[in-house]
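Chemist: Sharing a structure below in structure tokens format, with a few things to ask.
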Amino acid sequence: TLDIVLQTLFGASMSRDQGTQVADAIRTAFKFFTERSGTGFAIPEWVPTPTNVQYTAAVKELDSVIYALIADRRRAEAAAPLEGPPKDLLQALMTAEDVDGGKMTDQALRDELMTFLIAGQETSAILLA
């Protein structure tokens, strides 16, 4: 399921090891939020509890993957600009403009793509389980 999500979002695929790391990071983040929402008290994420440390490491892993994909795409687009309609969500978001002609920053792209990546991977995995 991760490969389908990656193709749809980024037009990319990963090695088996990278896919396993990303899937594990998504599961860790999903577990963090599931457990956190079930308690009446949430310890701030900056407090170095074992759960917070695992969550922070998972987010860093996902960030490194997503930012690398964004950077790769920006380099590819600079070398050979897109002609025609976008081929995936990343391309659509990168070419989108607001009313003032501004484009999304890497941080904004990361935020949007992280949402879709986690939702797409975890929802599909739950349905297939």
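Counting in this note's numbering, the sequence shown runs from 10 upward without gaps. Positions of the beta carbon are idealized from the N, C-alpha and C atoms, including for glycine. Remember, it's a predicted structure, so these values are computed and weren't measured experimentally.
#1: Short of 7 Å in beta carbon distance, which residues of its chain neighbour residue 147, apart from the five on each side in sequence? Order them along the chain.
#2: For the alpha helix (DSSP H) containing residue 46, name the first residue and the last one.
#3: Give the range of the alpha helix (DSSP H) segment to which residue 68 is assigned.
#4: Can you list, in chain order, the residues of its chain with a C-beta nearer than 7 Å to that of residue 68? Leave out the 5 residues immediately preceding and following it.
#5: In angstroms, rounded to a whole number, what distance separates the CA positions of residue 114 and residue 81?
#6: Take residue 19 and list the residues in its own chain whose beta-carbon comes closer than 7 Å to its own, dropping the five residues that flank it on each side.
#7: Excluding the five sequence neighbours on either side, which residues of its own chain have a C-beta within less than 7 Å of the C-beta of residue 51, listed in chain order?
#8: Are residue 91 and residue 104 close, meaning C-beta to C-beta below 8 Å?
Modeler: According to the data block:
#1: There is no way to answer for residue 147, as the model of the chain reaches only from 10 to 138.
#2: Here the alpha helix (DSSP H) through residue 46 covers 25-46.
#3: Counting along the chain, the unbroken alpha helix (DSSP H) around residue 68 starts and ends at 59-88.
#4: Cβ-Cβ distances below 7 Å link residue 68 to 38 in the same chain, with the five nearest sequence neighbours on each side left out; the list follows chain order.
#5: Each residue's CA atom was taken as its position, placing residue 114 and residue 81 some 15 Å apart.
#6: Excluding sequence positions up to five before and after residue 19, its CB lies within less than 7 Å of the CB of 78, 97 and 99, all in the same chain and listed in chain order.
#7: Only 45 meet the Cβ criterion.
#8: The Cβ-Cβ distance between residue 91 and residue 104 falls below 8 Å.
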